[in-house]
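K.L.:
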Amino acid sequence: MWVQFILQNTHFAINLAMALVAFAVAWLYLDAWSEKKKTKELVKIVGFILLSLSFLFHAAKIETGILSSSLFGGGGLDSLVNAVRSLSYLTLIVSLVMDPPEPHPKNNKSTRGSSDSRVSSVVLPALGFSVLSLSSVSLPILAVIVGFLYLRRATVGLEDHLKPVALGFFLLAFSELVGLQALFSGTTDIRLVPYVSSFGVLWMLEHGVLTLGVLIFGRWVFGYLLRQFETQLFMFFTSGAIIIFLVTTVVFTGLLVKNIEDETLSQLGIDVSVLSYALDSKKQESLSASESFSKSSDLAALIEAGDKRKLVDVVSSALLDTKQNSLIVTNDAGLVLARGEESERIGDSLSSDPLVKRALLGEKGTSVITREGVVAPDVLVRAAVPVNKGTTVVGTVVASSRIDAAFVDGLKSATALDSAVYGDNTISATTFVGSDAVTRLTGIKEERKEVKETVLSKGKQFTSAVSLVSVPYFASYMPLLDIDNTPVGMLFIGKPQSRVLAAAGRSIELTFLSTIVLILFTVIPSYLIAKYIAYQVE
Numbered sequence: 005m006w007v008q009f010i011l012q013n014t015h016f017a018i019n020l021a022m023a024l025v026a027f028a029v030a031w032l033y034l035d036a037w038s039e040k041k042k043t044k045e046l047v048k049i050v051g052f053i054l055l056s057l058s059f060l061f062h063a064a065k066i067e068t069g070i071l072s073s074s075l076f077g078g079g080g081l082d083s084l085v086n087a088v089r090s091l092s093y094l095t096l097i098v099s100l101v102m103d104p105p106e107p108h109p110k111n112n113k114s115t116r117g118s119s120d121s122r123v124s125s126v127v128l129p130a131l132g133f134s135v136l137s138l139s140s141v142s143l144p145i146l147a148v149i150v151g152f153l154y155l156r157r158a159t160v161g162l163e164d165h166l167k168p169v170a171l172g173f174f175l176l177a178f179s180e181l182v183g184l185q186a187l188f189s190g191t192t193d194i195r196l197v198p199y200v201s202s203f204g205v206l207w208m209l210e211h212g213v214l215t216l217g218v219l220i221f222g223r224w225v226f227g228y229l230l231r232q233f234e235t236q237l238f239m240f241f242t243s244g245a246i247i248i249f250l251v252t253t254v255v256f257t258g259l260l261v262k263n264i265e266d267e268t269l270s271q272l273g274i275d276v277s278v279l280s281y282a283l284d285s286k287k288q289e290s291l292s293a294s295e296s297f298s299k300s301s302d303l304a305a306l307i308e309a310g311d312k313r314k315l316v317d318v319v320s321s322a323l324l325d326t327k328q329n330s331l332i333v334t335n336d337a338g339l340v341l342a343r344g345e346e347s348e349r350i351g352d353s354l355s356s357d358p359l360v361k362r363a364l365l366g367e368k369g370t371s372v373i374t375r376e377g378v379v380a381p382d383v384l385v386r387a388a389v390p391v392n393k394g395t396t397v398v399g400t401v402v403a404s405s406r407i408d409a410a411f412v413d414g415l416k417s418a419t420a421l422d423s424a425v426y427g428d429n430t431i432s433a434t435t436f437v438g439s440d441a442v443t444r445l446t447g448i449k450e451e452r453k454e455v456k457e458t459v460l461s462k463g464k465q466f467t468s469a470v471s472l473v474s475v476p477y478f479a480s481y482m483p484l485l486d487i488d489n490t491p492v493g494m495l496f497i498g499k500p501q502s503r504v505l506a507a508a509g510r511s512i513e514l515t516f517l518s519t520i521v522l523i524l525f526t527v528i529p530s531y532l533i534a535k536y537i538a539y540q541v542e
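Residue numbers for the sequence shown follow the numbering used here, beginning at 5 and rising by one.
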């Protein structure tokens, strides 16, 4: 979760930085325009201001892994960013076409003419396609055209200092191209998901290339802007305001997410207790079923008579009525006289079973036990009660109910939380399913040392952030105790960390938007203060 949070704030910071350097380039052209008042420079100013605004708007985008629906509606913010950025690229293209490069002395007239012809043959078809499809698909093409026109001014013309600008736009174009991975973010192809998902490989590459572009643009533009005292002050105040707002935003949203995380862990500690209460309720069901059957009018007589055939019929019928998985009757020596679930399996002894021992002493009790299963151990709640004839214990009734998928599914439908029941450190029943959305992920072992030591060795509750079935969870574990208070398994209840971050997503989005608005409002005061200080110094 914290990795996603850091990457989301990294996206915010990189886009703010790109917005700042684009604004700085616009300011550089504004200085040039203020001297000669040429329309072509004014068009460039508009283009870079639009480019700055597009990155400022894009900074507010919250990835789908954090926020399922934006305040701008489905794709509303993306459409706004695409429209403004396309318009910025188109404006820059128009401004560069309006302002042909100064011819290099080595280039004769015929060479320049053929060069212009080649430019038209490349730029016009690409520009026409981009204008017809003002979408994210057109952005790489438009950025390449801008970079190509700047490169032409630096190579064919005399403006060699514009080569970093051309390189910056080529990097922007590559970043825009890689950013098209967002069009495939909804794919179900597991081979593509690691690459095109939010915060995936291509997302990282997109932002890495954009960062490189920011550095190149920034090094170029600030090398010129910081030569004037007033401009130095203005950029210092503007950059300082952005940094302060950025740090404040990151700290505020970080504290918000941390608070939600703490509340979630605290609530999970309570929720796992609810799961324990549900298990206790199941124990009581088994106890009630065994008590009810033990008081059957003819049961004690059948046990004393040792009529196993009659007992099997009675126990098998009672098993259906009690809805237990197992119903066993023993004599006063602990020998099995009848099993409702396996009528042929009789004669074995349960005299060593702690519950049966207590029942033979006249005490009823419940416990949790585990037994070997095919894929994973089975976890059962068991109840044993004495069968009395007068004041004499003549036998016992033992009822068992298996903790299965229906039990954990019922809890999930009530709490919307994932849960699991462990036999020792192996999942016996769980709400986790495989990629087919059907197969239960039983048999998975919990090997974390801190979980095993705290829950299975010390018999204490453990609540923390964990990773289960390759998914980060906030989880709470509680020991399953047998009648001797010895841990024989664990109860697990958890909430995906992505859902916790999504709960903070709306607040993060509002914080980002508020920060952007405040940044816009600081530009004019920063300029006025810088101008006033420069005037006082002069």
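Every residue, glycine too, gets a C-beta built ideally from N, C-alpha and C.
1. Specify whether the stretch 11-23 and the stretch 248-256 touch according to this definition: at least 3 beta carbon pairs, one from each stretch, less than 8 Å apart.
2. Alpha carbons only, please: which of Asp352, Ile332 and Ala337 is nearest the one belonging to Arg343?
3. Spell out the partners DSSP gives Phe496 in its beta bridges.
4. For Asn429, name the three-state secondary structure that DSSP assigns.
5. Using beta-carbon positions only, say whether Ile487 and Ser356 come within less than 7 Å of one another.
6. Check each candidate in Leu176, Val318 and Phe297 and name the one with the smallest Cα separation from Leu214.
7. My guess is that Val385 and Ser405 are in contact by the Cβ rule of under 8 Å, so how many angstroms apart are they, rounded?
8. Quick one: what's Arg386 bridged to in DSSP?
9. Nearest-angstrom Cα distance between Ser321 and Glu295?
10. Taking the CB atoms as reference points, tell me whether Asp422 and Gly498 lie closer together than 7 Å.
11. DSSP three-state label for Arg362, please.
12. Apart from the five residues on each side of it in sequence, which residues of its chain come closer than 8 Å, Cβ to Cβ, to Asn329?
13. Among all the DSSP beta bridges, which residues are the ones paired with Ala469?
14. Give the straight-line distance between the Cα atoms of Ser90 and Lys65, rounded to the nearest whole angstrom.
15. Taking the C-alpha atoms as reference points, what is the distance between Arg157 and Phe173?
16. For Phe478, count neighbouring C-beta atoms within 10 Å of its own C-beta (all shown protein chains included) and say buried if the count is 16 or more, exposed if not.
17. Could you tell me whether the Cβ atoms of Thr519 and Phe249 are closer together than 7 Å?
18. Gly447 and Val379: beta carbons closer than 7 Å?
19. Pull up the distance between the alpha-carbon of Gly183 and that of Ser502, whole angstroms please.
20. Measure the beta-carbon distance from Val401 to Ser298 and round it to whole angstroms, keeping in mind my assumption that it falls under 8 Å.
21. On a Cα-Cα basis, can you pick out the residue from Thr235, Gly258, Val197 and Gly217 that is closest to Trp6?
22. Under 8 Å by Cβ, that's how I've got Thr547 and Asp275 pegged, so tell me the actual separation to the nearest angstrom.
23. Give the DSSP-derived three-state secondary structure of Ala534 in the structure shown.
24. Could you give the distance in angstroms between the alpha-carbon of Glu265 and the alpha-carbon of Leu514?
25. According to DSSP, what are the bridge partners of Asn335?
26. From Leu315 to Thr443, what distance separates their C-alpha atoms?
27. Does DSSP put Ala21 in a helix, a strand or coil?
28. Considering only DSSP beta bridges, list what Val391 is partnered with.
P.N.:
By the coordinates alone:
1. Taking a cut-off of 8 Å on C-beta distances, the stretch 11-23 touches the stretch 248-256, as three or more cross pairs fall below it.
2. Mapped onto the sequence shown, residue 343 falls at position 339. The option with the nearest alpha carbon to Arg343 is Ile332.
3. As a position in the sequence shown, residue 496 is number 492, starting the count at 1. In the DSSP output, where bridge partners are listed per residue, Phe496 has Ala424 and Tyr481.
4. As a position in the sequence shown, residue 429 is number 425, starting the count at 1. Note: Asn429 maps to coil in three-state DSSP.
5. The residue given as residue 487 occupies position 483 in the sequence shown. The residue given as residue 356 occupies position 352 in the sequence shown. No, these two residues do not count as a Cβ contact at 7 Å.
6. Here residue 214 refers to the residue found at position 210 when the sequence shown is read from its first residue. For Leu214, the nearest C-alpha among the options comes from Leu176.
7. Position 381 of the sequence shown holds residue 385. Position 401 of the sequence shown holds residue 405. Indeed, because the Cβ distance is near 5 Å, the residues count as touching under 8 Å.
8. Position 382 of the sequence shown holds residue 386. DSSP, once it has assigned bridges, lists Ser371 and Ser404 as partnering Arg386.
9. Taking the first residue of the sequence shown as position 1, residue 321 is located at position 317. Taking the first residue of the sequence shown as position 1, residue 295 is located at position 291. Computed Cα separation, rounded: 16 Å.
10. If you number the sequence shown from 1, residue 422 lands on position 418. If you number the sequence shown from 1, residue 498 lands on position 494. In contact: Asp422 and Gly498 (Cβ atoms closer than 7 Å).
11. Here residue 362 corresponds to residue number 358 of the sequence shown, with the count starting at 1. In this structure, Arg362 counts as helix in the three-state DSSP scheme.
12. Locating residue 329 in the sequence shown gives position 325, where the first residue counts as 1. Same-chain partners within the cutoff: Glu345, Leu384, Ser404, Ser405 and Arg406.
13. The residue labelled residue 469 in the question sits at position 465 within the sequence shown. In the DSSP output, where bridge partners are listed per residue, Ala469 has Phe478.
14. On the sequence shown, position 86 is the one that residue 90 refers to. On the sequence shown, position 61 is the one that residue 65 refers to. The alpha-carbon atoms of Ser90 and Lys65 are separated by roughly 18 Å.
15. Walking along the sequence shown from the start, residue 157 turns up at place 153. Walking along the sequence shown from the start, residue 173 turns up at place 169. Cα to Cα, the separation comes out at about 14 Å.
16. If you number the sequence shown from 1, residue 478 lands on position 474. Buried, by the Cβ-count rule.
17. Translated into the one-based positions of the sequence shown, residue 519 becomes position 515. Translated into the one-based positions of the sequence shown, residue 249 becomes position 245. Yes, they are a contact pair.
18. Taking the sequence shown and counting its residues from 1, the one referred to as residue 447 is at position 443. Taking the sequence shown and counting its residues from 1, the one referred to as residue 379 is at position 375. Yes, the pair counts as a contact, with Cβ atoms nearer than the cut-off.
19. Translated into positions along the sequence shown, residue 183 becomes position 179. Translated into positions along the sequence shown, residue 502 becomes position 498. When rounded, the distance between both Cα atoms is 22 Å.
20. The residue labelled residue 401 in the question sits at position 397 within the sequence shown. The residue labelled residue 298 in the question sits at position 294 within the sequence shown. Their Cβ separation, rounded to whole angstroms, is 4 Å, which keeps Val401 and Ser298 in contact under 8 Å.
21. Along the sequence shown, read from residue 1 onward, the residue named residue 6 stands at position 2. Comparing Cα positions, the closest option is Gly258.
22. As displayed, the chain neither begins before 5 nor continues past 542, which places residue 547 out of reach and without an answer.
23. Position 530 of the sequence shown, counted from the start, is the residue given in the question as residue 534. Residue state, collapsed to three classes: helix.
24. In the sequence shown, counting from the first residue as 1, residue 265 sits at position 261. In the sequence shown, counting from the first residue as 1, residue 514 sits at position 510. So the alpha carbons of these two residues sit roughly 19 Å apart.
25. Mapped onto the sequence shown, residue 335 falls at position 331. Paired residues: Gly399.
26. By one-based count along the sequence shown, residue 315 stands at place 311. By one-based count along the sequence shown, residue 443 stands at place 439. Looking at the two C-alpha atoms, the distance is approximately 39 Å.
27. The residue labelled residue 21 in the question sits at position 17 within the sequence shown. The answer is helix: DSSP assigns Ala21 an H, G or I state.
28. The count along the sequence shown starts at 1 and reaches residue 391 at position 387. Looking at the DSSP assignment, Val391 forms a beta bridge with Gly399.
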